[in-house]
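Undergrad: Have a look at this one.
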Amino acid sequence: MKNEWDFFADVQRRLATGQPLVQGYFANPVSFPFDELRGIVLDEDGTQYELGADYKQALGECIQQGHTPWGLCLRERIICFGQQVVAADFTTDYVVAYEAATKA
Numbered sequence: 161m162k163n164e165w166d167f168f169a170d171v172q173r174r175l176a177t178g179q180p181l182v183q184g185y186f187a188n189p190v191s192f193p194f195d196e197l198r199g200i201v202l203d204e205d206g207t208q209y210e211l212g213a214d215y216k217q218a219l220g221e222c223i224q225q226g227h228t229p230w231g232l233c234l235r236e237r238i239i240c241f242g243q244q245v246v247a248a249d250f251t252t253d254y255v256v257a258y259e260a261a262t263k264a
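Basically the working numbering = 1-based index in the sequence shown + 160.
Pasting the structure below:
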């Protein structure tokens, strides 16, 4: 099974090809803290990725390297990435919705 590094690499690949929004669905309930997040996330094609101990590091690298906006909806168990996160008003449903910081 693919892991969190594969998932975030696929997210970056999709964004690089011009996809405005990339989503993943957590097959297990999402909980805090994210440092301890374990489980399975499914991409839009149904590919399964196992989340493990490197989840937080892989997420951080994904959003920092690509300056990638992202959001997380705990109620719907969805994580999303891309310019459409900023353009759409996800603040109602998304507990976390960040625009990636630009490099100083």
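Don't be surprised by glycine CBs; every beta carbon is placed ideally from N, CA and C. Source: prediction; values computed, not measured.
1) Could you compute how far the alpha carbon of Q244 sits from the alpha carbon of R235?
2) Going by DSSP in three states, L211 sits in which element: helix, strand or coil?
3) Does the beta-carbon distance from L175 to A187 come in below 8 angstroms?
4) Classify E204 as buried or exposed, calling it buried when 16 or more other Cβ atoms lie within 10 Å of its own Cβ.
5) Could you say which of F167, N163, V171, M161 lies nearest to F241 if we only look at CA atoms?
TA: Per the coordinate set shown:
1) 19 angstroms
2) strand
3) no
4) exposed
5) V171
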